[in-house]
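Top to bottom, those sequences are chains A and B.
Under my numbering, the first residue of the first sequence is numbered 158, with each subsequent residue one higher.
Under my numbering, the first residue of the second sequence is numbered 158, with each subsequent residue one higher.
The C-beta atom is built at its ideal place from N, Cα and C for all residues, glycine as well.
Protein chains: 2
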Amino acid sequence: MENNFTEIAKAAKQASLEIADLAAKIKNEALNNIANAFEAHKQEIFEANKVDLELAQTLVDEGKITKSTFNRLKLDENKMRDMIQGVRDIAALENPVGKTLLARELDEGLTLYKVSCPIGVLGIIFEARPDVISQISALAIKSSNAVILKGGKESKNTNTKIMEIINSALEKTGGFPKNVVQQVFSHDDVAQMLKCDEYINLIIPRGGNNLVKYIKENTNIPVLGHASGICHIFVDESADIDVASSVVVDAKTQYPSACNAVETLLIHKNFPKADELLASLQLSEIKLVSDPDRWDMEYGDKILSYKFVESVDEAIDHINSYGSGHTDSIITTNAHNAEKFMNKVDSAGVYFNASTRFADGFRYGFGAEVGISTNKTHARGPVGLEGLTIYKYKLIGSGHIVDDYVKGKKHFHHKDLI
Amino acid sequence: MENNFTEIAKAAKQASLEIADLAAKIKNEALNNIANAFEAHKQEIFEANKVDLELAQTLVDEGKITKSTFNRLKLDENKMRDMIQGVRDIAALENPVGKTLLARELDEGLTLYKVSCPIGVLGIIFEARPDVISQISALAIKSSNAVILKGGKESKNTNTKIMEIINSALEKTGGFPKNVVQQVFSHDDVAQMLKCDEYINLIIPRGGNNLVKYIKENTNIPVLGHASGICHIFVDESADIDVASSVVVDAKTQYPSACNAVETLLIHKNFPKADELLASLQLSEIKLVSDPDRWDMEYGDKILSYKFVESVDEAIDHINSYGSGHTDSIITTNAHNAEKFMNKVDSAGVYFNASTRFADGFRYGFGAEVGISTNKTHARGPVGLEGLTIYKYKLIGSGHIVDDYVKGKKHFHHKDLI
Numbered sequence: 158m159e160n161n162f163t164e165i166a167k168a169a170k171q172a173s174l175e176i177a178d179l180a181a182k183i184k185n186e187a188l189n190n191i192a193n194a195f196e197a198h199k200q201e202i203f204e205a206n207k208v209d210l211e212l213a214q215t216l217v218d219e220g221k222i223t224k225s226t227f228n229r230l231k232l233d234e235n236k237m238r239d240m241i242q243g244v245r246d247i248a249a250l251e252n253p254v255g256k257t258l259l260a261r262e263l264d265e266g267l268t269l270y271k272v273s274c275p276i277g278v279l280g281i282i283f284e285a286r287p288d289v290i291s292q293i294s295a296l297a298i299k300s301s302n303a304v305i306l307k308g309g310k311e312s313k314n315t316n317t318k319i320m321e322i323i324n325s326a327l328e329k330t331g332g333f334p335k336n337v338v339q340q341v342f343s344h345d346d347v348a349q350m351l352k353c354d355e356y357i358n359l360i361i362p363r364g365g366n367n368l369v370k371y372i373k374e375n376t377n378i379p380v381l382g383h384a385s386g387i388c389h390i391f392v393d394e395s396a397d398i399d400v401a402s403s404v405v406v407d408a409k410t411q412y413p414s415a416c417n418a419v420e421t422l423l424i425h426k427n428f429p430k431a432d433e434l435l436a437s438l439q440l441s442e443i444k445l446v447s448d449p450d451r452w453d454m455e456y457g458d459k460i461l462s463y464k465f466v467e468s469v470d471e472a473i474d475h476i477n478s479y480g481s482g483h484t485d486s487i488i489t490t491n492a493h494n495a496e497k498f499m500n501k502v503d504s505a506g507v508y509f510n511a512s513t514r515f516a517d518g519f520r521y522g523f524g525a526e527v528g529i530s531t532n533k534t535h536a537r538g539p540v541g542l543e544g545l546t547i548y549k550y551k552l553i554g555s556g557h558i559v560d561d562y563v564k565g566k567k568h569f570h571h572k573d574l575i
Numbered sequence: 158m159e160n161n162f163t164e165i166a167k168a169a170k171q172a173s174l175e176i177a178d179l180a181a182k183i184k185n186e187a188l189n190n191i192a193n194a195f196e197a198h199k200q201e202i203f204e205a206n207k208v209d210l211e212l213a214q215t216l217v218d219e220g221k222i223t224k225s226t227f228n229r230l231k232l233d234e235n236k237m238r239d240m241i242q243g244v245r246d247i248a249a250l251e252n253p254v255g256k257t258l259l260a261r262e263l264d265e266g267l268t269l270y271k272v273s274c275p276i277g278v279l280g281i282i283f284e285a286r287p288d289v290i291s292q293i294s295a296l297a298i299k300s301s302n303a304v305i306l307k308g309g310k311e312s313k314n315t316n317t318k319i320m321e322i323i324n325s326a327l328e329k330t331g332g333f334p335k336n337v338v339q340q341v342f343s344h345d346d347v348a349q350m351l352k353c354d355e356y357i358n359l360i361i362p363r364g365g366n367n368l369v370k371y372i373k374e375n376t377n378i379p380v381l382g383h384a385s386g387i388c389h390i391f392v393d394e395s396a397d398i399d400v401a402s403s404v405v406v407d408a409k410t411q412y413p414s415a416c417n418a419v420e421t422l423l424i425h426k427n428f429p430k431a432d433e434l435l436a437s438l439q440l441s442e443i444k445l446v447s448d449p450d451r452w453d454m455e456y457g458d459k460i461l462s463y464k465f466v467e468s469v470d471e472a473i474d475h476i477n478s479y480g481s482g483h484t485d486s487i488i489t490t491n492a493h494n495a496e497k498f499m500n501k502v503d504s505a506g507v508y509f510n511a512s513t514r515f516a517d518g519f520r521y522g523f524g525a526e527v528g529i530s531t532n533k534t535h536a537r538g539p540v541g542l543e544g545l546t547i548y549k550y551k552l553i554g555s556g557h558i559v560d561d562y563v564k565g566k567k568h569f570h571h572k573d574l575i
């Protein structure tokens, strides 16, 4: 007998085939209906959230969850406004599917098109933030993917209410297929999702390092995301002290718990203003630590590891050894060293005289961010809607057969049309 | 204590960092050196191959390997010429890394570049064909990836000789890093490769369905390839009989064991010339089978499943249920049905009045083929050199910090430069 999760996954697969070529107009109408429904029913969402918060407060008091988890769980007017605006913004973006990426005449009357299309079924596993449902559902709809969401149990009431509103808005959207957005609840569902490579094409974890690591180690479905963000700044011999100081302070203190915050500062041993730099960081309330056991620490706080290095090469080696391939920056006035650093550091983002905190989909101008990937395949760095698409090849002929080419009766001429 | 495979994988990782930004000139020189060395030492390769063939002949006699495995193992003058030319052709291709894919001014003096770069370390697991070493090594070098190859034990002597020649040619290439191309031999090495997600970024299996299935099920490293090729042709109500007959004959008989050969023929129940079509297929020595237990059969032979369907929708559903997402074609004169078929069939290749046999990197004009992928992420369909690359983001500023944008002192203007 089939269990419940398999049924949900099959329904998602079917939905993914139906939404694959749905008109952009219907998708955008669906998104605007969702935004309007959030607007109309926001009191209900706040009430559901209140139930979760009361329960969570008990857990905070008992020391079972942290205050910061509690804060992420909380939906206030500001977060609600951002959530609603986020859906409208996604509706306003260009349709990421159906784009012609290549058009090539292989021979007279035989034309190849590479066209962007959805991936299929996304599995989303996220922790306390209930606004993730709204964001990821909107991104999935816009990119014509079906999605199965598994949220944290702390936000179950809020998630259920948001999902109810989304699905009721989708039902009211003429021509919109069923089961595009589904939710599961149990820990057992997660285990099944990770095994369900028959129906699920991509897993996106949204949460802490441990969650992401667990998922990456326990599935052979592709996973889009990053486990850790151990970002570096290398201050070269020739760096401008003001640039070095202001970039490091920004990268460490502007939002210390972000994955793109700097964790380790590497300083060229001949940088003449090293003392001044370290003093300025301490003035900005950054705690400095120089401990070789901490080269792979992600503090998430105003703490910074630092190390003196012999050369740009040692800095590059250090980053490639201890970094997480997220974002690393060089501060220098030497363009040759900057070029070397950017070419040799094997990270999603390699920066020159800029703060690591710029690693973000909105800042890159992608409109909406699916997440930040440290993968080496499919999508790397801040991932926009494009990361939720793949492509298919359409070949249009008039009875063309391969035998004619093998026998030399016909020849490919491979003429690009765009 | 570290075992041998981990040492090899670490060396590959180090090599991948060194080859990442190697000048195209050196890479091409290395490739031409390899081609010249094959030319100069081909007798040695034939001799090594002879040893493998003698051993293999015994296995054929004992019924332990098939005659077709024996044939794939055999390197003759023709295959050798193709192998050498293949390396020269790859040298002549455009450098796939270092391409600027996006250049965007985020704000005054703050510019983002998305630049293609290598993936890192490739793990290749292949069966009897020793020419795979040459092809994959050349593709890896051209795309600046390091590679670890594990061939079948039947071709061990040939593989070892080819590898010796490759590495000796690489050693003679000034500035070319060590350990870019390495080989492992044992079954245990395969098990370790599949677990080695710390150092290996992409696995490419080249072999039969069972090998690929085994690999996909036993690793959480991304795998590029396809387990099976269950391709379909749907002959619509309005199809031209001559087009239908010649395309199906080509797709089934031109090379029956290819993954892009057709396995199931779907015929619209109202197609008036169905009998004529089936008769013409039988005339071409195609054995026709209509058995619902065989809708997922990959015959690899001149055998074809067939089924009558009620509509284009039933054909689409059948393909999405039983197909392998490889390549499927509609034969019709109805453009509306063709469009529907190409949009709704969830396969890497969706064709209109053309043989499924066109699904091939060379025919698409990609120059060289890494393999054909039925994945839904990274690369789909025939994969060229581009499939061995990913990208990194370079951000160049002059001391830019995020705080200025968060506080509204500065604003992004996101101006595309290319």
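Coarse secondary structure for residue i, derived from DSSP in three states
{"i": "His344/A", "result": "helix"}
{"i": "Ser447/A", "result": "coil"}
{"i": "Glu420/B", "result": "strand"}
{"i": "Asn510/B", "result": "strand"}
{"i": "Leu250/A", "result": "coil"}
{"i": "Arg245/A", "result": "helix"}
{"i": "Glu635/B", "result": "Past the boundaries of the shown model lies residue 635/B; chain B is included only from 158 to 575, so the question cannot be answered."}
{"i": "Leu574/A", "result": "coil"}
{"i": "Phe391/B", "result": "strand"}
{"i": "Ser462/A", "result": "strand"}
{"i": "Ser273/A", "result": "strand"}
{"i": "Arg537/A", "result": "coil"}
{"i": "Asp397/B", "result": "coil"}
CB contact check: residue i to chain B, cutoff 7 Å
{"i": "Pro413/A", "result": "no"}
{"i": "Gly522/A", "result": "yes"}
{"i": "Phe428/A", "result": "no"}
{"i": "Phe203/A", "result": "no"}
{"i": "Met158/A", "result": "With a pLDDT of only 41 at Met158/A, under the threshold of 50, the placement of this residue in the model should not be trusted; the figure read from the coordinates follows. No, no contact with chain B."}
{"i": "Asp470/A", "result": "no"}
{"i": "Asp560/A", "result": "yes"}
{"i": "His475/A", "result": "no"}
Residue i vs residue j beta-carbon contact at 7 Å
{"i": "Val527/A", "j": "Gly544/A", "result": "yes"}
{"i": "Arg229/A", "j": "Ala295/A", "result": "no"}
{"i": "Pro413/A", "j": "Lys459/A", "result": "yes"}
{"i": "Leu263/B", "j": "Phe569/B", "result": "yes"}
{"i": "Ile261/B", "j": "Leu269/B", "result": "Looking at the sequence provided, one finds Arg at residue 261/B rather than Ile. Yes, the Cβ-Cβ distance between Arg261/B and Leu269/B is below 7 Å."}
{"i": "Thr490/A", "j": "Ser403/A", "result": "no"}
{"i": "Leu445/B", "j": "Leu461/B", "result": "yes"}
{"i": "Glu311/A", "j": "Ala205/A", "result": "no"}
{"i": "Ala144/A", "j": "Ser301/A", "result": "As shown, chain A starts at 158 and ends at 575. That puts residue 144/A outside it, with no answer to give."}
Cβ of residue i within 7 Å of any chain A Cβ
{"i": "Thr534/B", "result": "yes"}
{"i": "Val405/B", "result": "no"}
{"i": "Ala511/B", "result": "yes"}
Where residue i falls, given that 16 or more other Cβ within 10 Å makes a residue buried
{"i": "Ser173/B", "result": "buried"}
{"i": "His425/A", "result": "buried"}
{"i": "Met158/B", "result": "Bear in mind that a pLDDT of 41 at Met158/B, under 50, signals an unreliable position, so the number given afterwards is only what the model happens to contain. Answer is exposed; the Cβ neighbour count stays below 16."}
{"i": "Gln349/A", "result": "buried"}
Proximity to residue i [Cα-Cα], best of the options
{"i": "Val502/B", "options": "Ser512/B, Asp517/B, Asp474/B, Ile488/B", "result": "Asp474/B"}
{"i": "His535/A", "options": "Val380/B, His198/B, Tyr356/B, Gly331/B", "result": "Val380/B"}
{"i": "Ser343/B", "options": "Lys497/B, Gly308/B, Asn477/B, Thr226/B", "result": "Gly308/B"}
{"i": "Ala415/A", "options": "Phe498/A, Ile322/A, Thr484/A", "result": "Thr484/A"}
{"i": "Leu552/A", "options": "Thr223/B, Arg514/B, Arg451/B, Thr317/B", "result": "Arg514/B"}
{"i": "Thr546/B", "options": "Thr226/B, Asn206/B, Ser225/B, Pro253/B", "result": "Pro253/B"}
{"i": "Lys199/A", "options": "Val208/A, Ala168/A, Lys318/A", "result": "Lys318/A"}
{"i": "Val405/A", "options": "Gly522/A, Tyr508/A, Lys224/A", "result": "Tyr508/A"}
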